[in-house]
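**Q** Position 121 of the sequence shown, counting from 1, maps to 980 under my numbering, and the rest follow consecutively.
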Amino acid sequence: MKNLQKGFTLIELLVVIAIIGILSSVVLASLNTARSKGSDAAVKSQLNSLRSEAALYYDNSGSTYTGLFVQTSTSTQPVKLFVAALASGNGVTGATTSTAWSNSTASAWAAAVPLKGQVGSSFCVDSSGYAGVTTATTSVASATAPACN
């Protein structure tokens, strides 16, 4: 009488489970990187739109950004609220925060939002048409002469 056993041994099952675990960890690590890059792409797109819309606003309102930036020190300006919401939506926490400034005559402005995928970097746009990644701690130069560093 032959004793035929069908099935997998315990070792074979453990090897398969180990392989699945290793593959899933690689996939999840790649997924987190893709999420960070996607968040950063959204920030860049929104700030580029802000730059374009601000240029249109400037042309249509007598060469001033007064409606966008009322004063240089208030935190309730529309653009400051916008960049703060972008940073919050991007999941950026810690000491690096979003910044937005205009000069006292509302003729120049700059705005920066920290990037999630590039720690210590911000995406900055300003009224001169600049849009790019800055690595300075403070991306916007100053409130009196706002520009991306």
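Built from N, CA and C at the ideal position, the CB exists for glycine as well.
Using C-beta distances below 7 angstroms, list every residue in its chain close to Thr994, excluding the 5 sequence neighbours before and after it, in chain order.
**A** Taking the sequence shown and counting its residues from 1, the one referred to as residue 994 is at position 135. Result list for Thr994: Gly979, Ser980, in chain order.
**Q** If you reduce the DSSP assignment to three classes, tell me which class Gly897 lands in.
**A** Numbered from its first residue, the sequence shown carries residue 897 at position 38. Three-state DSSP puts Gly897 in a helix.
**Q** Among Leu882, Asn919, Leu927, Leu974, which one has its Cα closest to the Cα of Leu945?
**A** Against the sequence shown, residue 945 aligns to sequence position 86. Checking every option, the nearest Cα to that of Leu945 belongs to Leu974.
**Q** Which term fits Ser957, buried or exposed, when burial requires 16 or more other beta carbons within 10 angstroms of its beta carbon?
**A** In the sequence shown, counting from the first residue as 1, residue 957 sits at position 98. When all chains shown are included, Ser957 counts as buried.
**Q** From Tyr916 to Ser922, what does the alpha carbon distance come to, in whole angstroms?
**A** For the purposes of this step, residue 916 is taken as residue 57 along the sequence shown, with counting starting at 1. For the purposes of this step, residue 922 is taken as residue 63 along the sequence shown, with counting starting at 1. Roughly 8 angstroms between the two C-alpha positions.
**Q** At what residues does the beta strand (DSSP E) containing Ala1006 begin and finish?
**A** As a position in the sequence shown, residue 1006 is number 147, starting the count at 1. Careful: Ala1006 lies outside any beta strand (DSSP E) and carries neither H nor E.
**Q** Please classify Gln864 as buried or exposed, where buried requires at least 16 other C-beta atoms within 10 Å of its C-beta.
**A** Reading the sequence shown from its first residue, position 5 is the one you call residue 864. Classification of Gln864: exposed, given that the 10 Å Cβ count is below 16.
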